[in-house]
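Residue numbers in the sequence shown follow the numbering used here, run continuously in steps of one, and reach 192 at the last position. Where a beta carbon is used, it is the ideal one built from N, C-alpha and C, also for glycine.
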Amino acid sequence: MKTFQKPLTSGEEAEQCRLLREGTPAEARRAKEILIERNLRLVAHIAKKYQNTDEDMEDLISIGCIGLIKAIDTFDDKKGRLATYACRCIDNELLMLLRGKKKISREVSLFEPIGQDKEGNEIHLVDVIEQQQPDIIENMELSGNIKKLFRLLDEVLTDREKEILVLRYGLSGAPEATQSQIGEKLGISRSYVSRIEKKALQKLRDKFE
-16 MKTFQKPLTS GEEAEQCRLL REGTPAEARR AKEILIERNL RLVAHIAKKY QNTDEDMEDL
44 ISIGCIGLIK AIDTFDDKKG RLATYACRCI DNELLMLLRG KKKISREVSL FEPIGQDKEG
104 NEIHLVDVIE QQQPDIIENM ELSGNIKKLF RLLDEVLTDR EKEILVLRYG LSGAPEATQS
164 QIGEKLGISR SYVSRIEKKA LQKLRDKFE
């Protein structure tokens, strides 16, 4: 794989975003080119997540670049770094590609004749499959979100908040506990448990977004 240029510093990125917004047409065009070139490393990094999906890496990078360009076109530099926003756009573009191909593949395979019945009528795979096929892409997303959740439990919550969520939702493998049961265990009121639970969930939700 080709060697990509180093990412822009925050100051360099801010200047290119300014030129993209306020520069002359030539300056804006060049600024966009620089923002694309200096974020190709990010595209390649995200594309690697999907390298085991039978897609050519160059194709994945090409699709990822579409997401990067969309990110640059819609980015508001007053809301943080471009890379953070671009990650979501690139990832979404790649997921759309894989979901689209998965859907086509599934439609072809399900309606392809696989034999005949006793009367000579064609039998299709869709006729004999009763349960839904597992969604590999959704499973990948779920797995990633679960890993992220457990990381955030340690990173953003206090020990008390983490303990209550672990007990409340059975994250330790134990049965889920009610707020009253948790209150009795920790020596606090049920309403206090409820307030801590809501606060902890909001903190996790904010970090996920």
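Mind reading off the beta-carbon distance from Q(-1) to I19? Whole number of angstroms is fine, and I expect it under 8 Å.
Here residue -1 refers to the residue found at position 16 when the sequence shown is read from its first residue. Here residue 19 refers to the residue found at position 36 when the sequence shown is read from its first residue. Actually they do not touch by this definition, with Cβ atoms about 10 Å apart.
Within the chosen definition, does the stretch 137 to 156 reach the stretch 168 to 185 through at least 3 CB pairs nearer than 8 Å?
Touching, yes, given that three or more Cβ pairs across the two stretches are closer than 8 Å.
Pairwise C-alpha distance: K15 and E180
One-based indexing of the sequence shown puts residue 180 at position 197. One-based indexing of the sequence shown puts residue 15 at position 32. Rounded to whole angstroms, E180 to K15 spans 44 Å at the Cα level.
Going by alpha carbons, who is nearest to L169 out of F191, K186, E146, L187?
Here residue 169 refers to the residue found at position 186 when the sequence shown is read from its first residue. Ranking the options by Cα distance to L169, first place goes to E146.
Alpha carbon to alpha carbon, what distance is there between L2 and K61?
Position 78 of the sequence shown, counted from the start, is the residue given in the question as residue 61. Position 19 of the sequence shown, counted from the start, is the residue given in the question as residue 2. One C-alpha to the other measures close to 14 Å.
For a test of the three-state rule: what should DSSP assign to G50, helix, strand or coil?
Along the sequence shown, read from residue 1 onward, the residue named residue 50 stands at position 67. Annotated three-state conformation of G50 is helix, per DSSP.
Assuming I46 contacts L80 (C-beta within less than 8 Å), just tell me the rounded distance between them.
For this step, residue 46 is matched to residue 63 along the sequence shown. For this step, residue 80 is matched to residue 97 along the sequence shown. That belief holds up - the Cβ atoms of I46 and L80 are roughly 5 Å apart, short of 8 Å.
Nearest-angstrom Cα distance between E131 and T7?
Numbered from 1 along the sequence shown, position 148 holds the residue referred to as residue 131. Numbered from 1 along the sequence shown, position 24 holds the residue referred to as residue 7. According to the sequence as given, residue 131 is Lys; it is not Glu. K131 and T7: Cα-Cα distance of roughly 42 Å.
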